[in-house]
Amino acid sequence: MAEAVYQQCIDARCGATYGIEQVLAACPACGDLLDVRYDWDRLPVPDSLRAFESRWASRDRPLDFSGVWRFRELLNFCDDRHKVTLGEGQTICQPNPAVAEYAGAARDGLFLQYEGLNPSGSFKDNGMVAAFSHARMVGARRVACASTGNTSASMALYAAHTGMQAIVFVGAGRIAFGKMAQALDYGAHTLEIEGDFDACMRQVKLAAERCGLYLMNSVNPFRLEGQKAIMYRVLEALHWEVPDWIIVPGGNLGNSSAFGKAFAELKELGLIDRIPRLAVINSTGADTLDRLVNQKHLTFNAGSYDRQAIAEDWQWQDQTERRASTIASAIEIARPVNAAKCLRALEVCNGVVRAVPDSEIMDAKAQVGRCGLGCEPASAASVAGLRRLIAEGVVGRNQRVVCVLTGHPLKDPDATVGYHTGRYKPGKDARGPRTFANRPVRVVDDIEQICQAIEGLGAGQ
Ligand code: F0G
52 MAEAVYQQCI
62 DARCGATYGI
72 EQVLAACPAC
82 GDLLDVRYDW
92 DRLPVPDSLR
102 AFESRWASRD
112 RPLDFSGVWR
122 FRELLNFCDD
132 RHKVTLGEGQ
142 TICQPNPAVA
152 EYAGAARDGL
162 FLQYEGLNPS
172 GSFKDNGMVA
182 AFSHARMVGA
192 RRVACASTGN
202 TSASMALYAA
212 HTGMQAIVFV
222 GAGRIAFGKM
232 AQALDYGAHT
242 LEIEGDFDAC
252 MRQVKLAAER
262 CGLYLMNSVN
272 PFRLEGQKAI
282 MYRVLEALHW
292 EVPDWIIVPG
302 GNLGNSSAFG
312 KAFAELKELG
322 LIDRIPRLAV
332 INSTGADTLD
342 RLVNQKHLTF
352 NAGSYDRQAI
362 AEDWQWQDQT
372 ERRASTIASA
382 IEIARPVNAA
392 KCLRALEVCN
402 GVVRAVPDSE
412 IMDAKAQVGR
422 CGLGCEPASA
432 ASVAGLRRLI
442 AEGVVGRNQR
452 VVCVLTGHPL
462 KDPDATVGYH
472 TGRYKPGKDA
482 RGPRTFANRP
492 VRVVDDIEQI
502 CQAIEGLGAG
512 Q
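If you count the sequence shown from 1, you need to add 51 to reach our numbering.
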């Protein structure tokens, strides 16, 4: 009899299946991405999402406290004894009238899902706990990832927690200071590759095979199982009411892929009656998805998508020496490994893709900072994207929208200080008006002049 949980190739023309004890970064038969699949009839699943609320009463148990594992029936691939947790997922999803007004939405229509509250300061922790649990299940000792910074910070943290050896591949000089600090502080072996994220990704896949490392990037299907929980928490915060739109930045496209899978499964299980629309936002400096979807009109086509078209785009990038470049370093990715899964999510969620320039991303970031919470540059792409989509009339002013803020503001202090002061790191200057720059005022060490400077500030807000 087939297993109740298994891995399966996402290409409908292949569809090969594999056991969950196998460690695979791609389908051995055809090279496409793998999914974790469940035979729901043979697994215990609650008949209403409200049933998960009972776990609030037993928050003293680590697995019930975790914002990922308290939904464990929806990612039921390992025994409790293997599950890893550091209390991730204590996030908030709150309305933000001021940011709503900036984006052009109704004041009560925009919710911000703030993932900066995770133990390592980004949404990656949701996925890491799932992948680390699988790594424990298969007895892995050494883990590796390529990263624009947050994956490496999160992996390094959970490796330290579980006693595994962590090896991170980052592009030299290409990751934000806060994230680099985390990888080093949590004790990860950090390889600064002389190349960009796409080069790191290529190398870590090779190194994982050659050296027997457990790969923690989002090509690992178990990681994306954990990231589904972000959407479970959004629904929970909205009292299990499905919003009209979910808006998320797109880099390697793991998050958007996981969200699409989460909603497809919830619908299949009858736990929701409709699926929200999804908007994935690129930076114009790293706009591969935007090009594939809006110029080349690529669709998932129920699993029979045009793989050749993606390969041709990669070739075109080589020929034209096109590289990703954006102040939002977290999404500075030209060859998103989950492109095909993201196309599937767009199909499931009737989704759209937009690319926004760095100046709009940084202005939106400043608004998110000024109106509470704060976030890193890549996260603000969701708010900048919403502003565009409302201006275009794609998102209605009175629709209920959730923007995912993927990472904490302290992740990238250089970008923030650069925006407000105009002093960017060499090579990283988001050109544009810097509409909301909050310039520091330099004053000599003298009380008279300090008071004069204070009077000069006016009455304040
Ligand atoms: N926002 C932040 C803060 C990120 O760190 C990332 C990705 C994204 C958005 C994009 O998410 O890849 O799922 O589309 N960071 C990865 C990393 C690539 O290595 O930390 P995605």
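From the three backbone atoms N, C-alpha and C, an ideal C-beta is built for every residue, glycine too.
Item                                                                                              : Value
Reduced DSSP category for R485 - H, G, I as helix; E, B as strand; rest coil                      : coil
Any non-hydrogen atom of the ligand F0G closer than 7 Å to G200 Cβ                                : yes
Cβ-Cβ separation, Q164 to V455 (assumed contact under 8 Å), whole Å                               : 5 Å
Exposure of T371, with buried meaning 16 or more beta-carbon neighbours within 10 Å               : exposed
Check: N306 C-beta below 7 Å from any heavy atom of the ligand F0G                                : yes
Candidates R225, Q145, R158 and T68: closest to I384 by CA position                               : R225
Of the residues F487, M206 and D249, the one placed nearest S173, counting alpha carbons only     : M206
G301 Cβ short of 7 Å to the ligand F0G heavy atom set                                             : yes
Backbone CA spacing between R193 and M215 [nearest angstrom]                                      : 6 Å
Proximity below 8 Å, CB of Y89 to CB of A63                                                       : no
Check: I382 C-beta below 7 Å from any heavy atom of the ligand F0G                                : yes
Residues bridged to G222 (per DSSP)                                                               : I244
heavy atom of the ligand F0G below 7 Å from T457 C-beta                                           : yes
With 16 other Cβ atoms within 10 Å as the buried cut-off, status of D249                          : buried
E427 CB to nearest heavy atom of the ligand F0G below 7 Å                                         : yes
Secondary structure of I297, DSSP reduced to three states                                         : strand
Through-space distance from P464 to Q254, alpha-carbon basis                                      : 28 Å
Close Cβ partners of D159 (< 8 Å) along its chain, the five nearest in sequence each way excluded : P146, P148 and A151
Where the beta strand (DSSP E) through I441 begins and ends                                       : It is not in any beta strand (DSSP E) - I441 instead sits in the alpha helix (DSSP H) that spans P428 to A442.
Three-state class that DSSP yields for P146 in the structure shown                                : strand
A390 versus W365: straight-line alpha-carbon distance, rounded                                    : 12 Å
K318 versus A330, W291 and L424, residue with shortest Cα-Cα distance                             : W291
Rounded separation between P491 and E427 - CA only                                                : 20 Å
Cβ-heavy atom distance, S99 to the ligand F0G, below 7 Å                                          : no
Limits of the unbroken alpha helix (DSSP H) element including C393                                : A390 to V399
Identity of the residue in L126, R493 and H459 nearest I71 by Cα                                  : L126
Contact the region 409 to 429 vs the region 270 to 289: 3+ CB pairs below 8 Å                     : no
A315 beta carbon less than 8 Å from that of A399                                                  : Just to set this straight, residue 399 is Val in the shown sequence, not Ala. Result yes, Cβ atoms of V399 and A315 sit closer than 8 Å.
Heavy atom of the ligand F0G within 7 Å of S269 beta-carbon                                       : yes
Inter-residue CB distance, Y265 and A186 (contact presumed, cutoff 8 Å)                           : 5 Å
Per DSSP, the bridge partner or partners of Y475                                                  : BP columns for Y475 are empty, so no partner.
Beta-carbon spacing of Y209, V180 below 8 Å                                                       : yes
Within 8 Å, strictly: CB atoms of A360 and M267                                                   : no
Cβ-heavy atom distance, S376 to the ligand F0G, below 7 Å                                         : no
S430 beta carbon near the ligand F0G (any heavy atom closer than 7 Å)                             : yes
Extent of the continuous alpha helix (DSSP H) run through F310                                    : G305 to E319
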